[in-house]
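Here our numbering is used: the first residue of the first sequence is 124, the next is one more, and so on. Just below is one structure, and these are the notes that go with it.
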Amino acid sequence: MARRRAEGLPAGFYDRPVVQVAEELIGCTVSYGECSGAIVETEAYHDSEPACHAFVGLTPRTETLFGPPGRAYVYRSYGIHALLNAVCEPEGVGAAVLIRALEPIAGIEQMRARRAASGAQRLGDADLCSGPGKLTQALGIELTENGGDLRTGPIRIEPRSEGWDHPVVIGTRIGITKAVELEWRFSVAGNRNVSRPRP
DNA sequence: CATGGGATTGACT
DNA sequence: GTCAATCCCATGC
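The following block contains the structure:
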């Protein structure tokens, strides 16, 4: 059997309940330009709960969220950071998985250079992509990538490599003020790239 | 058209 | 532990 080529996840992967997709994205690979990393932390958001941007309904901002699954939703947070999400569930449902942290795989020196250019002082490997704002900085992802197809790029998400076997920890989402009780955060147990606070 | 609030990070007490 | 930086956009007048 031919070795699997690096290619996007199947088209139907994202067209499922967002919490399930969030868990299964752990271990998958995000790549952009020369840089790539394994997803070690995610959170799910759904228009049925108030922490989700799509809770307010269809607006210019949430257009991507309500669009077809498998696209990138990139938005600016706190006026400073770009945050990367994977749109899920059928078109017409506003749901997405926030990619919160990566374990760097390729392009590490470029990641370090970009993080340094953004003013970061701590630049160990575990400081490059250990947060949703950090990883977009490190990869150089901007708001212009909003709406891009995650199967074909420029931002691409690829399946887990064979033999991925790390326990996943479930917990509550971080940094939100509404629907704080939902346990929709997933992370790789003990991984140093997971953002703080660790579950 | 004015206002206010963030799915964050880094620096500082 | 606290706090400011800084942009987009939803909301309300």
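Ideal placement from N, C-alpha and C gives every residue a C-beta, glycine not left out.
Three-state class that DSSP yields for residue i in the structure shown
i, result
"residue 237", "helix"
"residue 259", "helix"
"residue 289", "coil"
"residue 206", "strand"
"residue 135", "helix"
"residue 141", "helix"
"residue 167", "strand"
Cross-strand partners of residue i (DSSP beta bridge)
i, result
"residue 225", "162"
"residue 152", "161, 281"
"residue 276", "272"
"residue 194", "272"
Environment of residue i [buried if 16+ CB atoms lie within 10 Å]
i, result
"residue 260", "buried"
"residue 161", "buried"
"residue 223", "buried"
"residue 264", "buried"
"residue 227", "buried"
"residue 217", "buried"
"residue 187", "buried"
"residue 253", "buried"
"residue 247", "exposed"
"residue 132", "buried"
"residue 183", "exposed"
Integer-rounded CB distance, given that residue j should sit under 8 Å from residue i
i, j, result
"residue 297", "residue 309", "Their Cβ separation, rounded to whole angstroms, is 12 Å, which puts residue 297 and residue 309 out of contact at 8 Å."
"residue 307", "residue 179", "19 Å between Cβ atoms; not a contact."
"residue 154", "residue 268", "Not a contact, Cβ separation roughly 13 Å."
"residue 323", "residue 144", "The requested residue 323 does not occur in the structure, where the chain is confined to residues 124 to 322."
Distance cut-off 6 Å: residue i Cβ against heavy atoms of the ligand NAD
i, result
"residue 144", "In the structure shown, the ligand NAD is absent, as is every other ligand, since no ligand is present at all."
Any contact of the region 167–177 with the region 297–308, i.e. 3+ C-beta pairs under 8 Å? yes
Stretch pair the region 232–251 + the region 264–281: three plus CB contacts closer than 8 Å: no
Using a Cβ distance threshold of 8 Å, determine whether the region 242–261 contacts the region 201–209, with at least three qualifying pairs required. yes
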